[in-house]
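One structure below.
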Amino acid sequence: MVNQTVSLIIIHAALETDSSKGMEDITPALSIGNVGQLAVDLLVSSTGAETVGYLDDQFVLPCVGNDAYRPSPRGDLALPLQAYESSSSGLTLIQQRSPVVKGMMVEYAKNLADFAAASGNKHVVVLSALDFGRLQRIDMSSGPQIYYLSSTSVNGTDDYCEQLGWKRLQEYHPAQRGWKYLSSLAEGDVGDENNFAFEDDLEEEDYYPSLPFAALFSCFKARGLKVTCLLCYCSEGDNMADAFNLADAACKFLRLNPDNVRGDDAEKWTVPFSWMTVYGPPPDMSMF
Numbered sequence: 000m001v002n003q004t005v006s007l008i009i010i011h012a013a014l015e016t017d018s019s020k021g022m023e024d025i026t027p028a029l030s031i032g033n034v035g036q037l038a039v040d041l042l043v044s045s046t047g048a049e050t051v052g053y054l055d056d057q058f059v060l061p062c063v064g065n066d067a068y069r070p071s072p073r074g075d076l077a078l079p080l081q082a083y084e085s086s087s088s089g090l091t092l093i094q095q096r097s098p099v100v101k102g103m104m105v106e107y108a109k110n111l112a113d114f115a116a117a118s119g120n121k122h123v124v125v126l127s128a129l130d131f132g133r134l135q136r137i138d139m140s141s142g143p144q145i146y147y148l149s150s151t152s153v154n155g156t157d158d159y160c161e162q163l164g165w166k167r168l169q170e171y172h173p174a175q176r177g178w179k180y181l182s183s184l185a186e187g188d189v190g191d192e193n194n195f196a197f198e199d200d201l202e203e204e205d206y207y208p209s210l211p212f213a214a215l216f217s218c219f220k221a222r223g224l225k226v227t228c229l230l231c232y233c234s235e236g237d238n239m240a241d242a243f244n245l246a247d248a249a250c251k252f253l254r255l256n257p258d259n260v261r262g263d264d265a266e267k268w269t270v271p272f273s274w275m276t277v278y279g280p281p282p283d284m285s286m287f
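In numbering that gives the first Met the number 0, the protein residues as written are 0 to 287.
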């Protein structure tokens, strides 16, 4: 894999909670509001990460654009799946900017898992958003809530995430047919493929296993990597606040030194230059 883009982020860092202190990946999954990708944008721009390479996957649609982070680009192109590295933070981030070919998400996840395993990574962190309309219980008393899913235990729980005050994704049931089917695909067992309901027959409980983060979680887990998904619920629209929330969670989870994440004018985050035109140029005031 070398040369193109995916809406994904991979961060290499050493989690102090791991005794082995190996390399970690943080990856954004395609999701509602592109919150995972926006959170990676914040991490790249605020840590001063530099481009170190590109990943190329046949299942990721091609795209090209100008440098997303600097007002005066040096001729660097932004491609679908791009790797960044911040020496001050000890992080490597992979940003995905275009969608995966329809129906090929599991195959893409397998390729990415193979790449992460071959690179010597021990822990993968996936950033993604979920549809706010499917949230069962709404509790905003403590602000936006972060949810998680971990491969640490069979039921998806993780003691460290619980200590941070986060809640496990309640919709994860490893014995449910959708999650079981996804796990079998990730492990290369397609014997039961024809026994699973097709898209028109999917039930409510099959929704979460059908999402990109679930494919990434299952494939990384199948390769023997530790996986942690950090998730937040949101709606389509201006999702910048959700991105700040998810990026904060990633820093908290990684115990990232605040001195290595500096924004403009003493703010924590440096807002990427490309965000200035998310909603197009300002209106021509001469019309009023």
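No residue lacks a Cβ here, since even glycine has one placed at the ideal position from N, Cα and C.
For Gln-144, there is no enclosing alpha helix (DSSP H), as DSSP marks it with neither H nor E. Look at the beta carbons and you see the segment 45-58 touching the segment 68-86: at least three pairs across the two are nearer than 8 Å. Within 10 angstroms of the beta-carbon of Lys-101 lie fewer than 16 other beta-carbons, which makes it exposed. Exposure of Gln-162 is indicated by the presence of fewer than 16 other C-beta atoms within 10 angstroms of its C-beta. Val-34 and Ala-128 have their C-alpha atoms some 6 Å from each other.
Around the Cβ of Phe-287, a 10 Å sphere holds fewer than 16 other Cβ atoms; the residue is exposed. The shortest CA-to-CA distance from Leu-230 to any of Phe-219, Ser-217, Ala-213 is the one to Ala-213. Per the coordinates, the alpha-carbon of Thr-151 lies some 30 Å from the alpha-carbon of Asp-55. For Cys-62, the three-state secondary structure derived from DSSP is coil. Counting the other CB atoms within 10 Å of its CB gives Gln-36 a total of 16 or more, which places it among the buried residues. Annotation for Lys-220: the continuous alpha helix (DSSP H) segment containing it runs 211-221. By the CB criterion at 9 Å, Trp-165 and Ser-217 fall outside the cutoff.
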